[in-house]
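Enquirer: As they're listed, the protein sequences go chains B and R.
For the first sequence, my numbering gives the first residue as 10, with consecutive numbering after it.
For the second sequence, my numbering gives the first residue as 10, with consecutive numbering after it.
C-beta: ideal position from N, C-alpha, C; glycine also.
Computed from a predicted model, the values in this text were never measured in an experiment.
Attaching a single structure in structure tokens format; questions to follow.
Protein chains: 2
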Amino acid sequence: MPAASKPVPSVWARTPREADQPALSRTAIVREAIAMLDAEGVEALSMRKLGARLNAGATSLYRHVATKDELMELAVDEVCGEIALPAPGGPDWRADVADAARSFRATALRHPWVAGVLGQAGLAYLGPNLMAFSNNLAALFTQTGFPQPHGAIDTVLSYVIGMSTTEAAWLTTVARSGETEAEFVARLMPAAREAAAQHPDLAGGYVDVPDPVALRDAKFEYGLGVVLDGLATRMPA
Amino acid sequence: MPAASKPVPSVWARTPREADQPALSRTAIVREAIAMLDAEGVEALSMRKLGARLNAGATSLYRHVATKDELMELAVDEVCGEIALPAPGGPDWRADVADAARSFRATALRHPWVAGVLGQAGLAYLGPNLMAFSNNLAALFTQTGFPQPHGAIDTVLSYVIGMSTTEAAWLTTVARSGETEAEFVARLMPAAREAAAQHPDLAGGYVDVPDPVALRDAKFEYGLGVVLDGLATRMPA
DNA sequence: CCGTCATGCGTACAGTGTGCGCACGATAGG
DNA sequence: CCTATCGTGCGCACACTGTACGCATGACGG
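This is how it looks when you write it as structure tokens:
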């Protein structure tokens, strides 16, 4: 019988589809992709592994998602939905912009892959949540009569994306080491100091840090203050 | 004769190694890798294609380079060597920092892959040229008695990296379209305007741009001015 | 009851990074 | 001069990637 060449041992033993599973859906796929990205980073996400986590084959995902790049775009936008948007028109534009920036950083650090992907994609991602964030930032400036709102948006966004990308990359490296951030810093310090010996003006950056998290927070706040001060000088009285 | 099973048709017909070729070397590999990255972007670089361009097999490269990641690190640092470093201690720290920032942006746009790779790697890249650039920036601040030089460095770097990454991603998208930047902008404008209809505060950003290159230059200069102004308020008189 | 259709999956293809071991030319030691 | 060693390049192989194609299955509307 040529039918015996089929890999199925018997037609009668077929499992009649596990219908209790919520089946595949675009939102479920995106949700699980984000979970994988958060846990293992961007290069650990493959369509096969993602399918396996959803009790599905790799190619089944393509019924709901055109391509892996599209999936990444959806994941990025989904994560951007976590950014808190301050209500525009408040009395203190400075505080509102700062809150938006902090919220962006916080979600970028919660999902350490998103800043890098977002930066590399540039303006190609036009998802609703990302657009809403940009628009919110714009509203914060326009509604207070800022002269060049688009320059202000790009300036704030560039600073925040640049800082968050660098920070997220650092956190990824730390996470891969399996140590706490403080341990990792302590272990790297001698090598860094030796490398900085050739570059005396950098040496001041390699002092002992008792609380690396607080230091990163302070660095971000410092730069944010610088940017906002610079913008404040361009705000008419 | 079992020797006939060898793929070599005859031992006597063997080419005696083309010794005129400059042979493989780490610097030649890195140089050619940069050329490929500039021409076709980061996802078009494969060890096999790179080997082929050097008249070599893929695995031959591994005699000179431990891994592809290491090759990328070498390429990034090599490119960072193109950044012009202003002499520290000049009378106008503002102009010097601005020159360093402009030079960084210029090389990042000449090699549109480098900003993204650099951002994603964070502080993991400690090549000499990158260290020299950081140190130069540090020297520009320390030698003028700036109070928090490391905060200033991180602020400027974050802004410049963020802006350059976004710009480079945009340029990559434009290049892949095969059109000029002006054509590409014109073609995208209707879609962008329609998308911005839902986001009225963004609408002002989608006006006709006669000269996109000049507009990007102006945007960069605006943000750079903002950052430097913010830093200037922290400089003691 | 019988198409039609959306959905999942098995197979396959071209391509990736890279470990392994062999073959070769040059070079040094007897 | 012969021989042992060594650096270099390469062929092969492995595990893995994204994704195109076509079939099987069950749900659903006529």
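Would you report the Cα separation of B/A48 and B/A32, rounded to the nearest angstrom?
Expert: Cα to Cα, B/A48 sits roughly 23 Å from B/A32.
Enquirer: Within this structure, are the beta carbons of B/V74 and B/I43 separated by less than 8 Å?
Expert: no
Enquirer: If I'm right that R/A84 touches R/P121 with Cβ under 8 Å, what's the distance once you round it to whole angstroms?
Expert: Contact between R/A84 and R/P121 is ruled out by a C-beta separation of about 13 Å, above the 8 Å threshold.
Enquirer: Where B/D262 and R/K228 are concerned, what is the direct C-alpha to C-alpha distance, given to the nearest angstrom?
Expert: Within the shown structure, residues of chain B are numbered from 10 to 246, placing residue 262 of chain B beyond reach of any answer.
Enquirer: Could you tell me whether the region 135 to 144 of chain B touches the region 181 to 192 of chain B, using the rule of 3 or more Cβ pairs below 8 Å?
Expert: no
Enquirer: Identify the contact partners of B/Y71 in chain R, using a Cβ-Cβ distance below 7 Å as the criterion.
Expert: Within 7 Å Cβ-Cβ: nothing; B/Y71 doesn't reach chain R, min ~20 Å.
Enquirer: Going by the beta-carbon positions, is the gap between R/Q152 and R/G213 smaller than 8 Å?
Expert: no
Enquirer: Could you give the DSSP three-state label for B/L135: helix, strand or coil?
Expert: coil
Enquirer: Can you pull the chain R neighbours of B/A148, defined as C-beta to C-beta under 8 Å?
Expert: Near B/A148 (Cβ distances below 8 Å), the residues of chain R are D210.
Enquirer: Between B/G50 and R/L118, what straight-line distance do the alpha-carbon atoms span, to the nearest angstrom?
Expert: 27 Å
Enquirer: CA-CA distance, R/V235 and B/A107?
Expert: 15 Å
Enquirer: Measuring straight from C-alpha to C-alpha, what distance separates R/E203 and B/A200?
Expert: In a straight line, the C-alpha of R/E203 is about 53 Å away from that of B/A200.
Enquirer: Give me, in chain order, the residues of the same chain whose beta-carbon lies closer than 7 Å to that of B/V169; leave out the 5 immediate sequence neighbours on both sides.
Expert: A110, F113 and R114
Enquirer: For R/L54, I'd like the list of residues in its chain whose CB is within less than 7 Å of its CB, leaving aside the five on either flank, ordered along the chain.
Expert: Its chain contains A42, M45 and L46 as the residues whose beta carbon lies nearer than 7 Å to that of R/L54, once the 5 sequence neighbours on both sides are disregarded; these appear in chain order.
Enquirer: Is R/S186 close to chain B, meaning its C-beta is less than 8 Å from at least one C-beta of that chain?
Expert: no
Enquirer: How long is the line joining the alpha carbons of B/V165 and B/F150, rounded to whole angstroms?
Expert: 11 Å
Enquirer: For the region 169 to 184 of chain B, list every residue whose C-beta sits within 9 Å of some C-beta in chain R, in sequence order.
Expert: V169, I170, G171, M172, S173, T174, T175, E176, A177, A178, W179, L180, T181 and T182
Enquirer: Can you check whether the CB of B/G160 is closer than 8 Å to the CB of R/G239?
Expert: no
Enquirer: Short of 8 Å Cβ to Cβ, which residues in the region 232 to 245 of chain B face chain R?
Expert: G232, G234, V235, V236, L237, D238, G239, L240, T242 and R243
Enquirer: What distance in whole Å lies between the Cβ atoms of R/G90 and B/T174, which are believed to be in contact at a cut-off of 8 Å?
Expert: Incorrect: roughly 22 Å between the Cβ atoms, too far for contact.
Enquirer: My assumption, with CB atoms under 8 Å, is that R/P245 sits in contact with R/P100. Please give the rounded CB distance.
Expert: Between R/P100 and R/P245 the Cβ distance is about 16 Å, and since that is not below 8 Å, they are no contact.
Enquirer: Using 8 Å as the limit for Cβ to Cβ distance, is R/P16 near chain B?
Expert: With a pLDDT of 42 at R/P16, under the threshold of 50, the modelled position of this residue cannot be trusted, and the question is left open.
Enquirer: Compare the C-beta of B/T164 against all C-beta atoms of chain R and say whether one is closer than 8 Å.
Expert: yes
Enquirer: So which residues of chain R does B/T153 contact, with C-beta pairs closer than 7 Å?
Expert: Chain R residues near B/T153: none, gap ~12 Å exceeds 7 Å.
Enquirer: Output needed for R/K77: all residues of its chain with C-beta closer than 7 Å, excluding positions within five of it in sequence on either side, in chain order.
Expert: M56
Enquirer: Is the distance from the Cβ of R/S167 to the Cβ of B/M172 below 8 Å?
Expert: Cβ atoms of R/S167 and B/M172: closer than 8 Å.
Enquirer: Suppose you measure from the CA of B/L237 to the CA of R/E230; what does that come to, to the nearest Å?
Expert: 16 Å
Enquirer: Can you list, in chain order, the residues of its chain whose CB lies under 7 Å from that of B/M81, leaving out five sequence neighbours each side?
Expert: V126
Enquirer: Assign R/W179 to one of three DSSP states: helix, strand, or coil.
Expert: helix
Enquirer: Is there at least one non-hydrogen atom of the ligand ATP closer than 7 Å to the beta-carbon of B/V216?
Expert: Absence of the ligand ATP from the depicted structure is noted, as is the absence of any ligand whatsoever, leaving it without description.
Enquirer: Out of B/G66, B/S186, B/A148 and B/V222, which one is the CA nearest neighbour of B/P95?
Expert: B/A148
Enquirer: Consider the Cβ of B/D143: report whether some Cβ of chain R lies at a distance smaller than 8 Å.
Expert: Here residue 143 of chain B turns out to be Ser, not Asp, going by the sequence shown. Yes, B/S143 counts as interfacial toward chain R.
Enquirer: What number of angstroms, rounded off, separates the C-alpha of R/R72 from the C-alpha of R/D86?
Expert: Answer to the nearest angstrom: the Cα atoms are 20 Å apart.
Enquirer: In or out: R/P158 buried (at least 16 other Cβ within 10 Å) or exposed?
Expert: R/P158 counts as buried, since at least 16 other C-beta atoms from the protein chains shown sit within 10 angstroms of its C-beta.
Enquirer: Distance, Cα to Cα, B/R23 vs B/K58?
Expert: Note that B/R23 has pLDDT 42, beneath the 50 cutoff, so the model's placement of it is unreliable and no number is given.
Enquirer: Run through DSSP, which three-state label would B/F155 get?
Expert: coil
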